[in-house]
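Protein chains in written order, with numbering that gives the first Met the number 0: chain X, 0 to 122; chain H, 0 to 197. The structure under discussion appears below in the form of structure tokens.
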Amino acid sequence: MALKIMVVDDSPTVVKFVSFSLKKSGYDVITACDGMDAIEKISNLSDEVSLVITDLNMPNLDGYGLIEVLRQNQQHADTPIIILSSEDGDDDRERGMEVGANSYLVKPFKASILITEVSKYLN
Amino acid sequence: MSENQPLQYRIQEEIAELAASVNQIVTKFKELQNPLEESREKVPKATEQLDKISEQTEAATHQMLDRVEKIVQQVEDSKKGLDEIKDCASDGRTGDISALADDLIEKANVTCNDAYTIMDALQFQDITAQQMNHAASLLEDIEFRLQNIMGALKDQPDDKADDENGRDRKARVYDPHADLFDKKTDQSAIDDLFARKG
């Protein structure tokens, strides 16, 4: 059975691009448009999410908030989380690391780099 | 002298009222100065963002057109290769077919990689959408401040300023620094930072 990855981004373009790249590499993908949507979907899932890929700037609940909520949940305390963001400043990366992300990719990025990053945690 | 006194008082009162009015006007103009200065700073920022959108959209489009041109050429070459395979099969030259097929597989791989490059480049939409949201937000701020100034000049609160001219202001979430080409940090430096944490 394919490993399930959650992709969280308010840009439909990014969601489509990332989902396509992951599916081509054999992963199962579930998508959410912001942090709140992600929490709702992840809570209602019967099977495990192996990795989360999230944007930072999103309405309702941003990426930092989402990571904090996931890290406080025992089930997702160790789930690998990759941040995908166009925020390129030191503060953003430091904060991403502090809240518990495992990796940080700056947009725009190559699909091959994302797949390599995902493989680091799932293979 | 006593007849002049009421007139003198009236003149003094008029002058005092005039001075108070001038003071009010000066205060009002000082209040207007800040929003005007902020607006003056925001207009060039919005213009800069719009210029950036134009440049980056053009660059991404050129990048994609170059790849599409390459893909079309590869498909044309592949069609020729298939014709050759057909000729080989009809002439009974089966030994040549394997090499031709390998060549076609290689071309297909290159075409696939070019298609991925186009997909990578299509991310410009997300970046420019953020840049446009930033520019729109700056312009909305200017509109709001100008409406407030108009209200102040009319010496009455401008009802339109409160509700943004009757329109609902769109909630905009964006990265003001989003850029298609100008990355401040190398990805390997970011990876190092996260590796040290791990």
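Heads up, the beta-carbon is just placed ideally off N, CA and C, and yes, glycines get one too.
Cβ of residue i within 8 Å of any chain H Cβ
i, result
"T53 (chain X)", "no"
"A76 (chain X)", "no"
"G88 (chain X)", "yes"
"M5 (chain X)", "no"
"S85 (chain X)", "yes"
"V13 (chain X)", "yes"
"S18 (chain X)", "no"
"S24 (chain X)", "no"
"R92 (chain X)", "yes"
"M96 (chain X)", "yes"
"D9 (chain X)", "yes"
Secondary structure of residue i, DSSP reduced to three states
i, result
"Q72 (chain H)", "helix"
"D161 (chain H)", "In this predicted model, D161 (chain H) has a pLDDT of only 49, less than 50, meaning its place in the structure is not dependable; the value taken from the coordinates is given anyway. Looking at D161 (chain H) - three-state DSSP - the assignment turns out to be helix."
"M5 (chain X)", "strand"
"S187 (chain H)", "helix"
"S20 (chain X)", "helix"
"S111 (chain X)", "helix"
"V14 (chain X)", "helix"
"V172 (chain H)", "coil"
"L104 (chain X)", "strand"
"D178 (chain H)", "coil"
"N132 (chain H)", "helix"
"N122 (chain X)", "coil"
"M149 (chain H)", "helix"
"G95 (chain X)", "helix"
"M63 (chain H)", "helix"
Any chain X beta carbon closer than 8 Å to residue i
i, result
"L192 (chain H)", "yes"
"Q73 (chain H)", "no"
"A170 (chain H)", "yes"
"I234 (chain H)", "The requested residue 234 (chain H) does not occur in the structure, where chain H is confined to residues 0 to 197."
"L64 (chain H)", "no"
"L103 (chain H)", "no"
"A114 (chain H)", "no"
"D23 (chain H)", "Note that residue 23 (chain H) is Gln in the sequence shown here, rather than Asp. No, its Cβ sits nowhere closer than 8 Å to a Cβ of chain X."
"I189 (chain H)", "yes"
"A88 (chain H)", "no"
"A177 (chain H)", "yes"
"D174 (chain H)", "yes"
"Q186 (chain H)", "yes"
Residue i CB to nearest heavy atom of the ligand MN below 7 Å
i, result
"N22 (chain H)", "Within the structure as shown, the ligand MN is missing, as the structure has no ligands at all."
Next on the checklist: Could you tell me which whole alpha helix (DSSP H) segments of length 4 or greater appear in the segment 91 to 126 of chain H?
Outcome noted: 93 to 120
Checklist entry - Are the segment 67 to 78 of chain H and the segment 34 to 48 of chain H touching, with three or more C-beta to C-beta distances below 8 Å? => result no
Item to check | Proximal residues, the segment 120 to 154 of chain H versus chain X, C-beta separation under 9 Å | outcome: A120, L121, Q122, F123, Q124, D125, I126, A128 and Q129
Next on the checklist: Tell me which residues of the segment 32 to 64 of chain X have at least one Cβ-Cβ distance to chain H shorter than 7 Å, keeping chain order.
Outcome noted: N56, M57 and P58
Checklist entry - How about the segment 23 to 32 of chain H and the segment 115 to 129 of chain H: do they share at least three Cβ pairs that are nearer than 8 Å? => result no
Checklist entry - Mind listing which residues of the segment 46 to 63 of chain H have their C-beta closer than 8 Å to chain X's C-betas, in chain order? => result none
Item to check | Selection of the segment 101 to 118 of chain X by Cβ proximity to chain H, strictly under 9 Å | outcome: Of all residues in the segment 101 to 118 of chain X, N101, S102, Y103, L104, V105, K106, P107, F108, K109, A110, S111, I112 and E116 have a Cβ within less than 9 Å of some Cβ in chain H.
Checklist entry - Do the segment 42 to 52 of chain H and the segment 126 to 138 of chain H touch if we need at least three Cβ pairs shorter than 8 Å? => result yes
Checklist entry - What are the complete alpha helix (DSSP H) segments, minimum 4 residues, inside the segment 25 to 90 of chain X? => result 34 to 43 and 62 to 71
Checklist entry - Would you call the segment 100 to 114 of chain X and the segment 69 to 85 of chain X in contact, with 3 or more CB pairs under 8 Å? => result yes
Checklist entry - For the segment 39 to 52 of chain X against the segment 85 to 97 of chain X, are there 3 or more C-beta pairs whose distance is under 8 Å? => result With the cut-off at 8 Å, the segment 39 to 52 of chain X and the segment 85 to 97 of chain X do not touch.
Checklist entry - Between the segment 61 to 70 of chain X and the segment 17 to 26 of chain X, are three or more C-beta pairs nearer than 8 Å? => result no
Checklist entry - Are the segment 75 to 86 of chain H and the segment 96 to 109 of chain H touching by the rule of at least three beta carbon pairs closer than 8 Å? => result Segments in contact, yes.
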